[in-house]
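In the numbering used here, the protein residues as written are 1478 to 1817. Data block below; observations after.
Written out as structure tokens, the structure is:
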């Protein structure tokens, strides 16, 4: 195994126009520091399009000087969104570190070195469990849509939609501050039409930067129409719909069907368990399990705070809701069965 040579910084470039996320950055850095210099694992979770990878890369670049053996990112899915086989991931790690391509050798490397490793877009717990070590001084950041509840002990940082002010700043990076200031109300409607999710705001900004003649108010109206909103969120070869399709394929059929039913029933949020039960046409006690399973998959989010389940409010992130609504109507290709 390599002991003396420092690892190269195998990280992608800082995301273009990275904006905001100060609170989550501090939380992530604090979680990595919490063990007093010893290593640990932090899980970044959030809905599709929330910018988990960008946040992880930003944090890794800010912390690079604390990890003399390097920072690296390994994607756990291929370009089509399919999970990479464990052997492929281990081969990649072996190529970066010079260790044999086995879980045991990799974990030994983590123990003996001080590196920061980003395991990006985990499809499930099994994809990362064998790559984590409870000992040593290396830090590991796992990004995933699902909560991966079986991974313990790990730090957890939620990556929710952006604050409206942050989303406006991100939009302005693409279209210019003057264009946003000229019709701030319409700009707010644009970012809310994207669900305040960085993926949507970035793509909207890229599109508006090209369509300089298009008034923000007209584009906001287009995004407000669920029938065509996802058609508007494309720029070059970046299609939000394609990214959402990967998240949809990850859902078990029963969850996909329930999500489509919620969307076709008009429930984007906030909604209560009683409203979910009505839309799903099932008793509330069954709706509890269904909604909790969707939260575990990252397809539904819960309001913050310690509240009882029946008093809580839930939301389907807007981009996910748009895709689920299209799927319920059979407009996205593979149509799922909708229970009830």
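A virtual CB, placed ideally from N, CA and C, is assigned to each residue, including glycine.
| Query | Result |
| --- | --- |
| Counting only the same chain and skipping the five closest in sequence on each side, list residues whose C-beta sits under 6 angstroms from that of residue 1644. | 1668, 1673, 1678 |
| Taking three-plus beta-carbon pairs below 8 angstroms as touching, is the segment 1612-1625 in contact with the segment 1567-1578? | no |
| For the beta strand (DSSP E) that contains residue 1596, what are its first and last residues? | 1593-1597 |
| Should residue 1519 be counted as a contact of the ligand NAD given a C-beta to heavy atom distance under 8 angstroms? | The ligand NAD is absent from the structure shown, which contains no ligands of any kind. |
| Enumerated in chain order, which unbroken segments of the beta strand (DSSP E) with a length of 3 residues or greater are wholly contained in the segment 1518-1601? | 1548-1552, 1593-1597 |
| Report yes if the C-beta distance between residue 1632 and residue 1518 is below 9 angstroms; otherwise report no. | yes |
| So residue 1719 is in the alpha helix (DSSP H); what residue range does that whole segment cover? | 1717-1727 |
| If you draw a straight line from the C-alpha of residue 1783 to the C-alpha of residue 1587, how long is it? | Bear in mind that a pLDDT of 49 at residue 1783, under 50, signals an unreliable position, so the number given afterwards is only what the model happens to contain. Between residue 1783 and residue 1587, the C-alpha separation is close to 36 angstroms. |
| Below 9 angstroms between beta carbons: does that hold for residue 1526 and residue 1794? | yes |
| Quick check on residue 1546: buried or exposed, where buried means 16 or more other Cβ atoms within 10 Å of its Cβ? | buried |
| Mark residue 1603 as exposed unless 16 or more other C-beta atoms lie within 10 angstroms of its C-beta, in which case mark it buried. | exposed |
| Smallest Cα separation from residue 1751: which of 1584, 1764, 1500, 1666? | 1764 |
| From the DSSP output, in three-state form, read off residue 1495 for me. | coil |
| Let's see if you can read the secondary structure: which residues bound the beta strand (DSSP E) around residue 1620? | 1616-1621 |
| Would residue 1761 pass as an interface residue toward chain D - the criterion being a Cβ-Cβ separation below 9 angstroms? | You won't find chain D in this structure, because it holds only one protein chain. |
| Determine the burial state of residue 1616: buried for a count of at least 16 other Cβ atoms within 10 Å of its Cβ, exposed for fewer. | buried |
| Along the chain, where does the alpha helix (DSSP H) containing residue 1766 start, and where does it finish? | 1761-1774 |
| Helix, strand or coil: which one does DSSP assign to residue 1749? | coil |
| Is residue 1738 helix, strand or coil when you go by DSSP? | helix |
| How far does the beta strand (DSSP E) with residue 1634 in it extend, from its first residue to its last? | 1632-1635 |
| Go through its chain and collect everything with a Cβ distance to residue 1584's Cβ below 7 angstroms, but skip five positions before and after it. | 1610 |
| To the nearest angstrom, how far is it from the Cα of residue 1683 to the Cα of residue 1797? | 20 angstroms |
| DSSP puts residue 1778 in a beta bridge; with which residues? | 1792 |
| How long is the line joining the alpha carbons of residue 1775 and residue 1544, rounded to whole angstroms? | 31 angstroms |
| Bridge partners for residue 1487 per DSSP, in chain order? | 1549 |
| If contact is defined by three or more beta carbon pairs under 8 angstroms, each pair taking one atom from either stretch, is the segment 1704-1719 in contact with the segment 1728-1747? | no |
| If I follow the unbroken alpha helix (DSSP H) through residue 1675, where does it start and stop? | 1675-1687 |
| Just to confirm, is the Cβ distance from residue 1646 to residue 1693 under 9 angstroms? | no |
| Mind checking whether residue 1746 and residue 1767 have CB atoms under 9 angstroms apart? | no |
| For the alpha helix (DSSP H) that contains residue 1669, what are its first and last residues? | 1661-1670 |
| Just curious, the alpha helix (DSSP H) that residue 1692 is in, first and last residue? | It is not in any alpha helix (DSSP H) - residue 1692 carries neither H nor E in the DSSP assignment. |
| Going by the CB atoms, is the gap between residue 1706 and residue 1799 shorter than 9 angstroms? | yes |
| On the DSSP letters alone, give me the boundaries of the alpha helix (DSSP H) that residue 1709 sits inside. | 1706-1709 |
| In angstroms with no decimal places, state the Cα-to-Cα distance between residue 1599 and residue 1608. | 11 angstroms |
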